[in-house]
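Put into structure tokens, the structure is as follows:
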């Protein structure tokens with residue numbers, strides 16, 4: 003028995019692949035993408051078909067197509083359809099050549115031939131015509147040649163339909179199907195002015211295509227909203243990003259659709275496989291904002307949580323916005339006098355126009371809060387009182403107001419408070435505490451509970 007081990011860089015396979023794809027003329031390709039790993043493809047093609055029973059082969063469909071969603075419209079009827087996706091690869095070809103003759107050609111054109119007994123990883127076992135075995139444990143310096151493509155393997159995912167055509171000649175065939183591997187989301191960039199009174203905002207749509215095919219010169223639509231789907235989610239890795247530059251006009255036409263919003267790109271675009279494409283959605287300037295400091299009271303001694311910095315603004319036309327805003331991440335920047343610096347980010351949900359948005363930028367560095375419960379009284383078996391003290395120290399060089407939010411639950415009454423409060427709802431209240439620059443303010447209040 004003879005053993006040969008070789009070390010290399012690359013394995014080539016030479017195989018004669020017949021070209022017998024059914025010819026067609028593309029007419030119109032439309033793709034609608036949803037927020038949750040779903041795309042709907044409508045592909046209009048022209049085929050020349052005979053009258054009567056025929057076979058229609060549709061290539062270049064998505065590799066992650068859901069075959070149960072396929073709908074084909076033409077002058078006739080579909081009797082049977084099959085989705086073939088057993089694609090050509092080195093491993094699959096070799097697995098189908100077990101007990102068949104193959105040849106390996108070395109770097110110096112030396113030839114090794116024999117019957118393939120096994121193939122796996124980077125090694126194969128051949129039975130030579132002399133009866134001995136050739137075991138190659140490293141194939142990188144060899145090209146592997148076989149006579150033909152094994153039956154059943156294809157180079158592209160193909161939808162094969164057995165159909166009855168009502169007419170002979172050229173006719174339109176419209177294919178519609180759903181596919182996984184397509185997603186879109188929105189990224190927002192907001193730049194605060196020097197006084198924190200307004201922001202300039204632009205929005206980008208990021209389109210991810212991992213469906214297994216490319217969509218050339220497609221008419222693109224995006225659906226914003228939470229649709230109900232009865233299937234598991236699939237999470238995909240990010241792909242390289244192609245950015246399409248900002249334009250002065252908006253590139254998407256937006257309109258209400260059922261209980262969602264639909265965005266139609268006003269020009270064809272190509273969405274390549276394994277690509278993330280970024281397209282400008284809108285740009286708005288001088289959006290008025292209100293910056294707030296918010297502390298969420300824990301209602302117990304020793305609590306000293308962070309004071310959040312929050313900006314609020316109206317999504318309205320009078321505030322230079324007023325557009326439906328798809329869910330996404332908002333990244334916020336501000337100039338330090340020399341360059342823009344990142345100051346924080348937050349997520350927003352789908353937001354209709356004329357609604358208010360709140361974004362947490364981060365936590366304030368120069369505002370310190372200390373909270374303590376200073377007294378507890380059991381008035382009766384069903385009535386108790388707790389007294390609280392919250393100290394707010396402002397180490398900034400400007401006066402501020404800190405909003406203190408407190409969850410109280412049910413059957414409460416505020417007593418002996420030294421600052422007014424707002425009843426937000428049945429279970430929450432809000433104090434607005436002014437604090438001078440470099441000073442401290444102290445909030446005191448008592449909560450009476452009746453059980």
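Residue numbers (our numbering): 3 to 453.
We put the CB at the ideal spot given by N, CA and C, even for glycine.
Predicted model only: the values in this text are computed from it and were never measured.
DSSP three-state call for residue 289: helix, strand or coil?
strand
Do you know whose CA, among 116, 111, 329, 95, lies nearest residue 105's CA?
116
Cut-off 6 Å between Cβ atoms - residues of its own chain near residue 453, not counting five sequence neighbours on either side
384
Examine the Cβ distances between the stretch 408-422 and the stretch 441-453 and report whether three or more of them are shorter than 8 Å.
yes
On the DSSP bridge assignment, give the partners of residue 396 in chain order.
369
Give me the DSSP bridge partner(s) of residue 330.
188, 350
At which residue ranges does the stretch 23-67 contain complete beta strand (DSSP E) runs of 3 or more residues, listed in the order of the chain?
27-35, 41-51, 54-61
Between the CA atoms of residue 58 and residue 50 - distance to the nearest angstrom
10 Å
Going along the chain, which residues of its own chain have a beta-carbon closer than 7 Å to the beta-carbon of residue 435, five neighbours each way excluded?
394, 403, 404, 406, 421, 443, 445
In the DSSP assignment, find the alpha helix (DSSP H) that holds residue 98 and state where it starts and stops.
92-98
Whose C-beta lies closer than 6 Å to the C-beta of residue 172 among residues of the same chain, with five residues either side of it excluded?
48, 50
Give me the DSSP bridge partner(s) of residue 210.
185, 278
Threshold first: 3 residues or longer. Then list the beta strand (DSSP E) segments lying entirely within the stretch 394-436, N to C.
402-409, 414-417, 423-425
Kindly indicate which three-state DSSP category residue 319 falls into: helix, strand or coil?
helix
Can you list, in chain order, the residues of its chain whose CB lies under 6 Å from that of residue 324, leaving out five sequence neighbours each side?
318, 355
So, helix, strand or coil for residue 15, using DSSP?
Here the model assigns residue 15 a pLDDT of 44, short of 50, so the residue's position is not dependable, and the following value carries that caveat. Note: residue 15 maps to strand in three-state DSSP.
Measure the alpha-carbon distance for residue 264 versus residue 293 and round it to whole angstroms.
32 Å
Looking at C-beta atoms only, is the number of pairs between the stretch 212-223 and the stretch 265-283 that lie closer than 8 Å three or more?
yes
Do you know offhand how far residue 347's Cα is from residue 429's?
29 Å
Which residues in the same chain as residue 36 place their Cβ atom closer than 7 Å to its Cβ, once the five residues preceding and following it in sequence are excluded?
225, 229
Helix or strand or just coil, what does DSSP make of residue 448?
strand
For residue 339, does the count of other Cβ atoms within 10 angstroms reach 16, so buried, or fall short, so exposed?
exposed
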